[in-house]
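First up is the structure itself, then whatever we jot down about it.
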Amino acid sequence: MALDKEILKEFVEVVGKDNIDDGEIMTNAYAYNWCMEIFNYMEGKEPIPFSPIPKAVVLPSSTEEVAQIVKLCNKYGIKFKAQSTGLGPWNQPSTDNSIIIDLRRMNKIVKIDAKNLYAVVEPYVSGAQLQLEIMKHGLNCHMPGAGPQVSPLASATSMNGPGFTSPSTGHSARNVLGVEWVLPDGEIMRLGSLGLKNNRNWYNGDGPGPSLRGIMRGWAGAKSGIGVFTRVAVKLFPYPCSTEFKLDGCSPDYDFDIPDFMRVYVMDCGTFKYLEKAMLRIEEEEISFMCSFMSGFAVMAIFATSIEDLMDKMAIGSMKVPLVVIITARTQREFEYKQKVMGMILDEMKLNDIIGTLYTPNPIFYAEALRSNLGLHGFIATGGFQSTKGVCDTAAVCLRSTKKNIPMKKKYIKKEVIANDFGEGHWMTSYESGHYFHVESPTMFDQTDQSSVEGMAEYMEASNQMDLLKHLGAPFFVEGNKLHKLFGPHMSNYHIWLRKIKQAFDPNEIADSGFYISAQEESKEKS
Amino acid sequence: MYNFHPYSGGGKIILALLLEMGRINPSDELRDVVYKCTECGACAVSCKFLNTLEPLEIIMKLREKLVDAGYGPMPKQQQYIDSVKKNNNPYNEPHEKRLDWLPEDIELDPNAKVLYYVGCTSSYRREEMAIATAHIMNAAQIHFNILGKDEFCCGSPILRTGDTKTFKEFLNKNLDVIESKGIETVVFSCAGCYDTFKVDYPLYRNYNFRVLHIVEFFDDILETGHLKLTNEVPLTVTYHDPCHLGRNAESYEEWDGDVVDLMPLVSINMPPKPKRTGAKGIYDVPRNILKKIPGLKFVEMERIKEYAYCCGAGAGVKSAFPEFALTTAKNRIQEAEDTGAGALTSACPFCSTNLQDAIKESGSKLKFYDINELLLMALGLETKALKKKMVEAA
Ligand SMILES: Cc1cc2nc3c(=O)[nH]c(=O)nc-3n(C[C@H](O)[C@H](O)[C@H](O)COP(=O)(O)OP(=O)(O)OC[C@H]3O[C@@H](n4cnc5c(N)ncnc54)[C@H](O)[C@@H]3O)c2cc1C
Numbered sequence: 001m002a003l004d005k006e007i008l009k010e011f012v013e014v015v016g017k018d019n020i021d022d023g024e025i026m027t028n029a030y031a032y033n034w035c036m037e038i039f040n041y042m043e044g045k046e047p048i049p050f051s052p053i054p055k056a057v058v059l060p061s062s063t064e065e066v067a068q069i070v071k072l073c074n075k076y077g078i079k080f081k082a083q084s085t086g087l088g089p090w091n092q093p094s095t096d097n098s099i100i101i102d103l104r105r106m107n108k109i110v111k112i113d114a115k116n117l118y119a120v121v122e123p124y125v126s127g128a129q130l131q132l133e134i135m136k137h138g139l140n141c142h143m144p145g146a147g148p149q150v151s152p153l154a155s156a157t158s159m160n161g162p163g164f165t166s167p168s169t170g171h172s173a174r175n176v177l178g179v180e181w182v183l184p185d186g187e188i189m190r191l192g193s194l195g196l197k198n199n200r201n202w203y204n205g206d207g208p209g210p211s212l213r214g215i216m217r218g219w220a221g222a223k224s225g226i227g228v229f230t231r232v233a234v235k236l237f238p239y240p241c242s243t244e245f246k247l248d249g250c251s252p253d254y255d256f257d258i259p260d261f262m263r264v265y266v267m268d269c270g271t272f273k274y275l276e277k278a279m280l281r282i283e284e285e286e287i288s289f290m291c292s293f294m295s296g297f298a299v300m301a302i303f304a305t306s307i308e309d310l311m312d313k314m315a316i317g318s319m320k321v322p323l324v325v326i327i328t329a330r331t332q333r334e335f336e337y338k339q340k341v342m343g344m345i346l347d348e349m350k351l352n353d354i355i356g357t358l359y360t361p362n363p364i365f366y367a368e369a370l371r372s373n374l375g376l377h378g379f380i381a382t383g384g385f386q387s388t389k390g391v392c393d394t395a396a397v398c399l400r401s402t403k404k405n406i407p408m409k410k411k412y413i414k415k416e417v418i419a420n421d422f423g424e425g426h427w428m429t430s431y432e433s434g435h436y437f438h439v440e441s442p443t444m445f446d447q448t449d450q451s452s453v454e455g456m457a458e459y460m461e462a463s464n465q466m467d468l469l470k471h472l473g474a475p476f477f478v479e480g481n482k483l484h485k486l487f488g489p490h491m492s493n494y495h496i497w498l499r500k501i502k503q504a505f506d507p508n509e510i511a512d513s514g515f516y517i518s519a520q521e522e523s524k525e526k527s
Numbered sequence: 528m529y530n531f532h533p534y535s536g537g538g539k540i541i542l543a544l545l546l547e548m549g550r551i552n553p554s555d556e557l558r559d560v561v562y563k564c565t566e567c568g569a570c571a572v573s574c575k576f577l578n579t580l581e582p583l584e585i586i587m588k589l590r591e592k593l594v595d596a597g598y599g600p601m602p603k604q605q606q607y608i609d610s611v612k613k614n615n616n617p618y619n620e621p622h623e624k625r626l627d628w629l630p631e632d633i634e635l636d637p638n639a640k641v642l643y644y645v646g647c648t649s650s651y652r653r654e655e656m657a658i659a660t661a662h663i664m665n666a667a668q669i670h671f672n673i674l675g676k677d678e679f680c681c682g683s684p685i686l687r688t689g690d691t692k693t694f695k696e697f698l699n700k701n702l703d704v705i706e707s708k709g710i711e712t713v714v715f716s717c718a719g720c721y722d723t724f725k726v727d728y729p730l731y732r733n734y735n736f737r738v739l740h741i742v743e744f745f746d747d748i749l750e751t752g753h754l755k756l757t758n759e760v761p762l763t764v765t766y767h768d769p770c771h772l773g774r775n776a777e778s779y780e781e782w783d784g785d786v787v788d789l790m791p792l793v794s795i796n797m798p799p800k801p802k803r804t805g806a807k808g809i810y811d812v813p814r815n816i817l818k819k820i821p822g823l824k825f826v827e828m829e830r831i832k833e834y835a836y837c838c839g840a841g842a843g844v845k846s847a848f849p850e851f852a853l854t855t856a857k858n859r860i861q862e863a864e865d866t867g868a869g870a871l872t873s874a875c876p877f878c879s880t881n882l883q884d885a886i887k888e889s890g891s892k893l894k895f896y897d898i899n900e901l902l903l904m905a906l907g908l909e910t911k912a913l914k915k916k917m918v919e920a921a
């Protein structure tokens with residue numbers, strides 16, 4: 001249902017007529033999202049890739065415009081859903097009484113403070129854009145495994161945060177500094193040192209007074225359920241290796257020289273127990289840029305650029321428990337030191353590195369690792385994927401979760417509803433040199449095949465149940481009332497506290513909480 | 528106004544899905560979104576870095592569907608198509624005037640095996656390109672001919688706005704004429720005609736002659752020493768890659784393989800199916816030419832080759848949405864200015880017109896030269912008009 005004409009007029013006054021659309025074409029197009037069918041099915045709806053149709057789509061260009069839009073939503077009791085780059089079902093409204101605030105006009109890198117190692121970005125700055133600019137200062141940023149095309153702001157403030165470079169660049173939740181936040185009532189809040197009365201600046205995410213970072217996003221992010229983030233400062237890191245590259249040729253067949261001081265190792269650890277030992281040992285030495293466990297199939301995929309291209313990588317595919325480590329350095333001396341340490345660990349643990357012997361990657365692999373694009377290689381087999389698991393804990397807990405998951409996954413593989421990764425498709429990374437770990441089980445399915453969608457949904461639900469029964473930690477996608485209610489009582493009743501936050505910030509439920517938690521328990525929003 | 532997601536390649540794939548699923552119907556609103564696109568193919572390059580999505584093909588199909596449903600093309604574009612049907616050119620110019628650009632001193636050879644297909648835009652609007660091309664051909668002592676009154680619109684503006692039926696008529700007309708003359712090589716100074724002949728014609732009908740853009744032809748001649756560039760051209764020049772000569776000028780390769788189910792839900796192409804990624808566009812050849820011109824300093828823009836920004840004119844946008852075309856071109860001009868170059872060059876009459884409009888509109892000091900004009904200068908064969916432009920530039 002389109003907006004009432006008078007209400008539309010008020011929105012037009014805020015953003016101008018070219019930046020709001022409530023027509024049939026735009027609103028229907030914005031109702032689509034990748035993998036929406038699976039979430040529809042899980043809620044007992046028809047498994048189609050469409051959410052409820054938004055009443056309108058608005059494109060603000062500034063924090064002030066966002067605040068005015070949110071105030072209008074409050075005035076007329078209309079919900080809003082914010083999007084940064086907008087890929088994924090979590091961007092969709094849960095009711096047809098919602099507008100979408102598409103933040104793509106807010107696309108500026110506001111500031112790069114190379115000395116104090118942070119950058120301030122708006123929502124529609126992609127990781128790739130930020131990385132390119134800060135590289136000129138010899139710096140790098142953390143990017144989620146989703147890839148360089150997503151928004152560092154969305155990752156930092158609103159959703160998840162693990163990435164392939166997490167051993168050296170951490171987790172998005174831990175990289176947020178100052179934040180500018182339009183609350184669900186339209187008031188503008190500034191967090192951390194940005195909230196200071198005098199000399200406000202972006203350099204710190206905490207204080208004065210108690211930190212609100214946990215309230216803002218917690219572990220998984222509020223996914224637009226607690227307001228709109230309009231600018232954020234994220235931590236920067238020294239660029240891991242030389243920033244001088246030789247790159248020739250055209251997409252997709254670039255001719256790339258491995259930059260000075262970068263090296264990849266792939267070893268088969270044989271068992272999970274030994275993998276745990278190896279990861280902890282390597283991370284203890286604080287030498288890795290990337291340190292990930294993946295299935296043999298997934299390791300083949302990160303080295304491949306198409307499904308046909310997987311075929312010559314069988315030597316990797318047959319590995320039982322592969323560990324991929326990349327080390328990088330900024331000087332020859334540092335590089336030699338790290339290689340020496342790595343060599344000692346491999347000797348000590350009797351692990352064989354297959355790179356250069358059994359397999360030599362195309363140098364473009366190194367570029368993909370540097371720009372955090374490896375995750376997208378993992379999905380060349382089919383178009384649909386979701387992750388089960390997602391626990392963030394010790395390496396031991398993560399691997400227990402992995403072990404338990406394999407037979408369950410195999411059951412669904414046998415039913416031919418999910419792609420066959422022999423049940424082994426998992427991704428586990430260390431954070432901050434082994435400070436903690438996370439594992440998830442990316443699983444591919446066919447979005448266009450109803451039985452595959454249904455089978456995948458059933459597998460996700462069964463996996464959640466298993467996480468609860470076997471104490472395997474909270475999965476990634478605990479979102480919406482139904483799942484919070486399921487997991488909360490087993491986890492210190494966190495759902496009660498989460499609801500209190502929602503009630504305090506948004507008692508009238510203006511921020512669409514379909515992927516968060518509703519203020520009132522009886523709300524029909526999602527569950 | 529062009530910021531909503533459906534204006535992007537990905538958004539248009541969503542529109543196609545909505546239409547296929549019957550969630551939306553053809554309408555003026557849909558037409559407006561579908562036609563606000565230059566079909567530059569940048570989305571297709573990005574999509575095919577790892578994936579196999581074909582957004583550009585989907586956009587073209589969407590237009591075809593809208594034409595079939597009676598909604599496309601845009602009224603201004605329809606006027607062009609009507610003119611092509613009536614005059615064999617989209618500019619409402621009389622067919623008899625197609626040869627008006629031809630200087631008297633140009634030598635043609637009726638028995639030549641090389642044909643210069645001039646195209647409508649170079650014949651009626653960007654005559655300087657045709658004139659420069661013909662002079663250089665003569666300077667290189669190439670025996671060549673033109674079709675004259677037997678030349679018809681290549682059909683590009685019709686195809687790209689979705690009227691496939693009319694396009695096929697013109698494709699057949701042109702191929703019939705060229706094949707009847709025993710031509711071995713057809714050269715084009717228009718990137719649009721070249722792309723249409725090279726990439727699109729074979730999808731409907733095969734032919735037995737070679738097609739080359741004039742930059743390929745001249746670069747060969749320069750390599751073999753049949754043309755000597757003796758005059759200094761003291762300009763700092765940057766080059767704009769036309770989409771029709773760059774990422775879109777990649778032929779479809781025939782594939783006669785099978786889709787083999789590797790395992791449930793996962794299939795592969797055996798043998799691998801060639802992907803049109805944009806990598807095989809004509810990128811180095813024009814750059815080689817520029818680097819061979821004495822005294823000319825060549826500088827690159829930030830976005831080049833398969834990632835070059837579009838000039839903004841293509842696929843009927845210049846006629847139907849002139850403001851959109853100009854805004855896009857101004858972006859490109861700004862990028863060209865950022866290189867510090869004093870001159871901008873390209874190899875397509877549409878790019879030439881639109882970029883020159885943007886230079887004027889934005890008050891830029893850049894001078895635009897077609898790449899053949901630069902060659903003409905290096906040969907010391909400047910026309911009067913070109914001399915005047917050089918004096919102004921100095
Ligand atoms: C193939 C694939 C792989 C992925 N892998 C990972 C991974 O490895 N690690 C990881 O962390 N995540 C992953 N994700 C999930 C997600 O894409 C990322 O978390 C990503 O960082 C989100 O950024 P975005 O720009 O896509 O945000 P969006 O998709 O635009 O938004 C994400 C969520 O945040 C909300 N939101 C966005 N912007 C704002 C804002 N300004 N204010 C308030 N709310 C906002 C949206 O409503 C939505 O709920 C993956 C997703 C896909 C599709």
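Protein sequences, first through last, are from chains H and Z. According to the working numbering, the first sequence holds residues 1 to 527 in order. According to the working numbering, the second sequence holds residues 528 to 921 in order. Here a beta-carbon is modelled for each residue, glycine too, at the ideal position from N, C-alpha and C. All of these numbers come straight from a predicted model, not from anything done at the bench.
Per DSSP, V150/H lies in no beta strand (DSSP E) segment and is marked neither H nor E.
If you look at N140/H, you'll find it in the beta strand (DSSP E) that goes L139 to C141. Residues of chain Z whose Cβ lies closer than 8 Å to the Cβ of F445/H are, in chain order, L792. Of the residues Y254/H, V325/H, K411/H and M135/H, the one whose Cα lies closest to the Cα of M267/H is V325/H. Secondary structure in the region 217-299 of chain H: the beta strand (DSSP E) runs of 3 residues or longer, each lying completely within the stretch, are 228-238, 247-250, 253-256, 262-268 and 288-294 in chain order. Under a 10 Å Cβ-count criterion, A304/H is classified as buried, with 16 or more other Cβ atoms of the shown protein chains found around its own Cβ. Bridge partners of I99/H according to DSSP: F80/H. Residue ranges of uninterrupted beta strand (DSSP E) with 3 or more members are absent from the region 675-700 of chain Z; none lies entirely inside it.
In the three-state scheme derived from DSSP, where H, G and I count as helix and E and B as strand, Q605/Z is classed as helix.
The nearest non-hydrogen atom of ligand 1 is less than 7 Å from the C-beta of S224/H. Against chain Z, the CB of N481/H has no partner CB under 8 Å away; the residue lies outside that interface.
DSSP assignment within the region 763-849 of chain Z yields the following whole beta strand (DSSP E) runs of 3 residues or more, N-terminal first: 763-766, 785-790, 793-797 and 824-826. For Y41/H, the closest Cβ of chain Z is not nearer than 8 Å.
The nearest non-hydrogen atom of ligand 1 is 7 Å or more from the C-beta of T660/Z.
Setting aside the 5 residues that flank it on each side, C398/H is surrounded in the same chain by V391, M428, F437, H438 and V439, each with a C-beta closer than 7 Å to its C-beta; the list follows chain order. Taking 7 Å as the cut-off, the C-beta of S158/H counts as close to a heavy atom of ligand 1. Here P162/H is buried, its C-beta having at least 16 other C-beta atoms within 10 Å. The Cβ of F825/Z sits no closer than 8 Å to any Cβ of chain H.
Around I541/Z, the beta-carbon contacts reaching into chain H at under 7 Å are A29 and Y32. Ligand 1 approaches Q83/H closely enough that one of its heavy atoms is under 7 Å from the residue's Cβ. For A457/H, the three-state secondary structure derived from DSSP is helix.
At the C-beta level, P813/Z and I685/Z stay beyond 8 Å of one another.
The CB of P533/Z comes closer than 7 Å to the CB of I25, M26 and A29 in chain H, given here in chain order.
In this structure, the straight-line span from the alpha carbon of A82/H to that of C141/H is close to 23 Å.
Taking a beta-carbon distance threshold of 8 Å, N815/Z does not count as an interface residue toward chain H. Below the 9 Å Cβ cutoff, chain H contributes D18, N19, L59, D102, R104 and R105 as neighbours of N530/Z, in chain order. Against chain H, the beta carbon of I551/Z has neighbours under 9 Å at E24, I25, N28 and A29, listed in chain order.
Contact check for L754/Z against A667/Z passes: the beta carbons are separated by less than 8 Å. Annotation for W90/H indicates a beta carbon within 7 Å of some heavy atom of ligand 1. V572/Z reaches chain H at S251, counting residues in chain order whose Cβ is nearer than 7 Å. Residue side-chain check: P162/H places its Cβ nearer than 7 Å to a non-hydrogen atom of ligand 1.
Scanning its chain for C-beta atoms nearer than 6 Å, with the 5 sequence neighbours on each side dropped, one finds around F293/H the residues L275, L323 and M428, in chain order.
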